[in-house]
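**Q** The numbers in our numbering rise by one with no breaks, and the one at position 207 of the sequence shown is 711.
For each residue, glycine too, the CB sits at the ideal point set by N, CA and C.
Below is the structure I would like to discuss, written out as structure tokens.
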Amino acid sequence: MNPLAQGQPRRSMSFFKREHRPIELLRYAGLFIWFCAGMPLLMPGLLYEDPLPLSHYLAWWAMYLVFGGVYWRYLRQLPARPALPMRLACLVTLTALAFGASWISVTSIGGVMLLVVAGLLPWLLAPVPAAIWLVGQNVVLAWVLALMPQLPFADAAINAAVFLAVSLFIFIGSVASVRQGQSRDELRKVNHELMATQALLAQNTRIAERVRISRELHDLVGHHLTALTLNLEVVTHLVEGKALEHVQQAHSLAKLLLADVREVVSDMRQSDQVDLADALRTLVEGVPKPRIHLDLPSSTVQVDPQRAQVLLRCVQEIITNSVRHARARNLWIRLSTSSDGLAMSARDDGRGTSRLERGNGLKGMSERLLALGGKLEIESARGAGFTLHAWLPMEG
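Next up, the structure:
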């Protein structure tokens, strides 16, 4: 029976219905173009009346396979970006292999291989250098094709122009994918920042409501119970006999109820702390890079709302600095508690600096800590990353 008649999708269509990240689509598209570029290797008789020399044929195979290996190896590292020298080495290798394949095969097959490079360029370089590289590689391709004796200069220029147009189309699509990924990561980061702040705000709201109720109990119920206890105390001196027994019992119950109200008020005021650990986990989950290693003393870290808000803002600033300035791959954040205060340390593996200048973010962080009696210490050196130590005293 036809599976479509039963409303069941075919398995062969599952690939197109799955959601793939842009980097995965780039991987599949690039491998498909690379595979198509190698078809003449399997059927050389379609291109040449006379077979190529064996040495040229083997060299063509070697360049084709090395090109695919370098492309695949680098794609496995994306979207992480290695150091600039490694990226340039990858680009130079791929571009040179494409030119070499065209020169040895005496065809424009290198232009097809350069389409793969065009899709990879936005992931390796900034938009302007990448566009310059794109135009430059097609200009060199035109020169390589023009050196072939059987291909007139006009045909070489036309072929290079066609490859440039297709490369530009692929390049723009890849740029859009890169920017979409960056926007998605930024949106995810901001969303988790809002979620962490919302979690603290919700806990603060609950604490404020408990404090309000405790005040009402203390000021209204407690006041009236105190007045009732005093009046019953007076009545015990004015009555005798069986009535005195009932008055004394009522007096004892009033005193017991007043003690219970005071205990409830004390308990409600003592539970005015929020869970900082949960807010920090929510915050770091939305950060795609750098990779954050969070070290907490326990599953819950109970602190007062004001200190929790300050420490959360400090962690946000630390993450922002690691991304924008340090360009770190890893960030280690450790929170510890003691009898005298809260200590937070952060360390990244970024480029560091030998001349530390405190910007608005670090100044604001220091001001928040000083307002609560805390302090901030910063250490950095060129090539040694960035280290920060923050400390806040316990409440009172």
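Given that a residue counts as buried once 16 or more other Cβ atoms are within 10 Å of its Cβ, and exposed if not, what is F539?
**A** exposed
**Q** Could you give the distance in angstroms between the alpha-carbon of Y568 and the alpha-carbon of L638?
**A** Computed Cα separation, rounded: 20 Å.
**Q** Counting Cβ pairs, one atom from each stretch, are 3 or more of them under 8 Å apart for the segment 838-852 and the segment 890-899?
**A** yes
**Q** How would you write the range of the beta strand (DSSP E) that H797 sits in, first residue to last?
**A** R795 to D799
**Q** According to DSSP, which residues form a beta bridge with H750?
**A** According to DSSP, H750 bridges with nothing at all.
**Q** Is there at least one non-hydrogen atom of the ligand MN closer than 7 Å to the beta-carbon of R831?
**A** In the structure on display, the ligand MN does not appear, and there are no ligands present to speak of.
**Q** If you measure between the beta carbons of R537 and L598, is that distance less than 8 Å?
**A** Going by the sequence as given, residue 537 is Ile instead of Arg. Contact flag unset, no.
**Q** Figure out for me which residue from V807, I823 and L535 has the closest Cα to the Cα of H797.
**A** Of the candidates V807, I823 and L535, I823 places its Cα closest to the Cα of H797.
**Q** With a threshold of 16 other CB atoms inside 10 Å of the CB of I674, please say whether the residue is buried or exposed.
**A** The residue in question, I674, is buried, as its Cβ has 16 or more Cβ neighbours within 10 Å.
**Q** Determine whether the beta carbon atoms of V778 and V819 lie at a separation below 8 Å.
**A** no
**Q** Return helix, strand or coil for L835, following the three-state DSSP convention.
**A** The three-state reading of DSSP puts L835 in strand, counting E and B together.
**Q** In the DSSP output, what is E737 paired with across the bridge?
**A** Paired residues: none, contrary to the question.
**Q** Based on DSSP bridge pairs, tell me the residues matched to P897.
**A** G845
**Q** Out of N825, I613 and L668, which has the shortest C-alpha to C-alpha gap to I636?
**A** L668
**Q** So, with DSSP's three-state summary, where would you put L892?
**A** strand
**Q** Considering Cα atoms alone, identify which of P653, F657, R833 and A630 is closest to V643.
**A** F657
**Q** Is G614 closer than 8 Å to N663 when the C-beta atoms are compared?
**A** no
**Q** Starting from L618 and walking both ways along the alpha helix (DSSP H), at which residues does that stretch end?
**A** I613 to L628
**Q** Between the C-alpha atoms of H750 and L761, what's the straight-line distance to the nearest angstrom?
**A** 16 Å
**Q** Taking DSSP as the reference, what is the three-state secondary structure of L545?
**A** Helix, per DSSP.
**Q** For A605 and P653, I'd like the C-alpha separation in whole angstroms.
**A** 16 Å
**Q** Looking only at its chain, what residues have a beta carbon closer than 7 Å to the beta carbon of A622, apart from the 5 residues adjacent to it on each side?
**A** L638, S671, I674 and F675
**Q** Using a 10 Å radius around the Cβ and a threshold of 16 neighbouring Cβ atoms, would you call Y532 buried or exposed?
**A** exposed
**Q** Compare the beta carbon distance of L732 and A763 with 8 Å and say whether it is the shorter of the two.
**A** no
**Q** Beta carbon of L625, beta carbon of A634: below 8 Å?
**A** yes
**Q** Thinking C-beta only, is E744 closer than 8 Å to H755?
**A** no
**Q** Identify the continuous beta strand (DSSP E) that holds E880 and give its terminal residues.
**A** Per the sequence presented here, residue 880 reads as Leu, with Glu not at that position. First-last of the beta strand (DSSP E) with L880: K879 to S884.
**Q** If you follow the alpha helix (DSSP H) that M567 is in, where does it begin and where does it stop?
**A** Looking at the DSSP string, the run of the alpha helix (DSSP H) that includes M567 is L558 to L579.
**Q** May I have the straight-line CA-CA distance separating R862 from A600, to the nearest angstrom?
**A** 45 Å
**Q** Once the 5 residues before and after L691 are set aside, which same chain residues still bring their CB inside 6 Å of it?
**A** none
**Q** For L873, which residues in the same chain have their Cβ closer than 8 Å to its Cβ, ignoring the five residues on either side in sequence?
**A** V814, C818, K879, L880, A894, W895 and L896
**Q** Just tell me which of L595, L800, Q641 and E789 has its CA closest to the CA of L780.
**A** L800
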